[in-house]
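Asks:
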Amino acid sequence: MRTKERDKLHKDGLINFSMAFTAAGFLWSFLYFILGFPQSAIIPGGYAILSLLSLFFVFVTGKYLAFRFLQFLFILILPVLLQLSLGGFENSGAVIIWAILCPLGALSFAPIRQGLVWFGLFLVVLVLTGLAEFYLQLPIPKVERNMQILFFVINIIGAGTLTFFSLYYFISKNKQEHDRAENLLLNILPEPIAERLKRNPSTIADGYKMVSILFADIENFTVISQKVSPETLVHFLNDVFSHFDLLAEKYGMEKIKTIGDAYMAVSGIPIWHEGHAKSAMEMAIEMQKFVKTLYDPSGKPLRMRIGIHSGPVVAGVIGKKKFAYDLWGDAVNTASRLESHGVPGRIQISETTYDLLEDTSQIEIRRLIDVKGKGEMKTYLSYE
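The numbers in the UniProt record's numbering rise by one with no breaks, and the one at position 376 of the sequence shown is 376.
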């Protein structure tokens with residue numbers, strides 16, 4: 001989770017936590033008053049007022065760190081004063097248990113080291129409160145046994161409930177952010193590769209003896225881009241490539257990247273399967289069918305070249321902060337050349353890919369083309 005998002009989560013969480021604790025303070029004050037302990041009722045009531053003022057302070061000034069310190073301090077001190085006013089652990093029903101919310105809150109909404117510091121203070125306060133009950137002459141109001149049991153029950157239920165829902169809020173928010181981060185990672189990397197990277201963040205590189213690489217490119221895209229606004233162009237490309245992403249998922253293809261108006265995908269990676277050439281061809285056919293129903297932003301029918309080649313590649317993850325899953329090898333270059341030397345509205349495949357296909361009914365002609373860096377190549381074109 002990024003730092004800004006985490007800080008916002010902490011701020012929102014502590015504010016909600018403080019508002020819940022403030023409401024509990026007013027409720028606690030009212031409860032003590034109607035039970036006949038007006039002096040003790042002043043303490044949670046005073047805390048609730050101070051807490052409201054601190055909330056107002058942070059909304060007006062934005063000084064979150066001061067607000068956070070005050071809230072933790074109030075939550076730590078309030079139960080101590082309340083317990084002493086009632087005469088100790090037994091009379092108060094161990095109301096000091098509420099103070100545990102201070103280090104728990106710090107652990108949830110502040111850096112971990114602050115959680116440890118506040119927990120240490122909680123232990124110190126707990127010990128000092130126990131010593132005070134032994135060695136100081138505390139005022140001991142008359143509290144009936146039934147009332148003591150009621151205080152114990154209310155304190156345990158109240159502190160436990162507030163702790164549970166505070167942590168539930170924080171953990172659920174963290175899970176949402178974690179799930180969002182997971183989805184973003186899976187948008188960048190194939191799921192098996194993402195899992196490997198999480199388990200062992202080292203170099204990931206795999207060799208594949210035979211996969212099928214697909215390149216697609218829009219005809220006259222440079223001319224189109226000069227005639228429309230940037231927003232229109234990006235919106236158009238997003239619509240087209242988003243549909244291609246759906247087709248890639250349908251046919252078990254792995255989208256590698258887009259480069260301008262070019263779209264690259266591969267079949268047989270990261271999990272190899274024998275039908276990689278068939279999957280690539282079927283996806284290409286559906287891509288062309290979809291494209292032929294569209295018009296480019298300038299109003300002309302959209303046309304696209306697609307090239308497919310099958311061969312060995314190396315696949316791996318590069319980058320430390322911004323990951324990229326990419327392919328390398330002569331097969332990648334060949335697939336790119338087949339696309340660039342292709343015919344708009346057609347699919348051009350290599351002889352290697354053709355030999356791997358069981359169904360060649362969509363293939364119309366065989367031809368020889370002169371490919372830069374490769375010389376003459378025997379290729380096959382699909383029907384238009």
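We treat Cβ as the ideally placed atom computed from N, Cα and C, and that holds for glycine.
Look at the alpha carbon of Gly45 and the alpha carbon of Asp239, and state the distance between them as a whole number of angstroms.
Replies: One C-alpha to the other measures close to 58 Å.
Asks: How big is the Cα-Cα spacing for Ser225 and Arg113?
Replies: 54 Å
Asks: Taking 7 Å as the threshold (C-beta atoms), are Tyr325 and Met283 in contact?
Replies: no
Asks: In angstroms, rounded to a whole number, what distance separates the CA positions of Glu90 and Gln148?
Replies: 7 Å
Asks: Between which two residues does the beta strand (DSSP E) harbouring Met210 extend?
Replies: 205–218
Asks: For the candidate residues Val80, Arg180, Ile188, whose alpha-carbon lies nearest to that of Ile318?
Replies: Ile188
Asks: For the putative contact between Pro38 and Leu86, defined by C-beta atoms under 8 Å, what is the C-beta separation to the nearest angstrom?
Replies: Going by Cβ atoms, the distance from Pro38 to Leu86 rounds to 12 Å, so no, they are not a contact pair.
Asks: Just verifying my parser: in three-state terms, what is the DSSP assignment at Met377?
Replies: strand
Asks: Is His273 near Val211, with beta carbons less than 7 Å apart?
Replies: The Cβ atoms of His273 and Val211 do not sit closer than 7 Å to each other.
Asks: Counting only the same chain and skipping the five closest in sequence on each side, list residues whose C-beta sits under 7 Å from that of Ala205.
Replies: Cβ within range, chain order: Val314, Gly316.
Asks: Which residues mark the beginning and the end of the beta strand (DSSP E) in which Trp328 is found?
Replies: 324–328
Asks: Tell me, which residues are paired with Ser310 by DSSP?
Replies: Ser212
Asks: Excluding the five sequence neighbours on either side, which residues of its own chain have a C-beta within less than 7 Å of the C-beta of Tyr263, listed in chain order?
Replies: Ala216, Phe241, Phe244
Asks: Once DSSP output is grouped into helix, strand and coil, what is the label at Val371?
Replies: strand
Asks: Quick check: what's the CA-CA separation for Trp118 versus Thr163?
Replies: 16 Å
Asks: Under 6 Å from any heavy atom of the ligand MG, does the C-beta of Ile204 make it?
Replies: Inclusion of the ligand MG in the displayed structure is not the case, the ligand content being empty and no account of it being possible.
Asks: Which value, in whole angstroms, describes the spacing of the CA atoms of Asp370 and Glu351?
Replies: 14 Å
Asks: For Phe67 versus Ser54, is the C-beta distance shorter than 7 Å?
Replies: yes
Asks: What's the C-alpha gap between Phe134 and Asn16?
Replies: Roughly 37 Å separates the two Cα atoms.
Asks: With distance defined between alpha-carbon atoms, name the residue in Leu35, Leu31, Leu107 nearest to Leu14.
Replies: Leu107
Asks: Are the CB atoms of Ala20 and Ser29 within a distance shorter than 7 Å?
Replies: no
Asks: Please tell me whether Pro312 and Glu219 are closer than 7 Å, where the distance is taken between their beta carbons.
Replies: no
Asks: What's the call for Asn183, buried or exposed, on a 16-neighbour Cβ count within 10 Å?
Replies: exposed
Asks: Which residues in the same chain as Asp179 place their Cβ atom closer than 7 Å to its Cβ, once the five residues preceding and following it in sequence are excluded?
Replies: none
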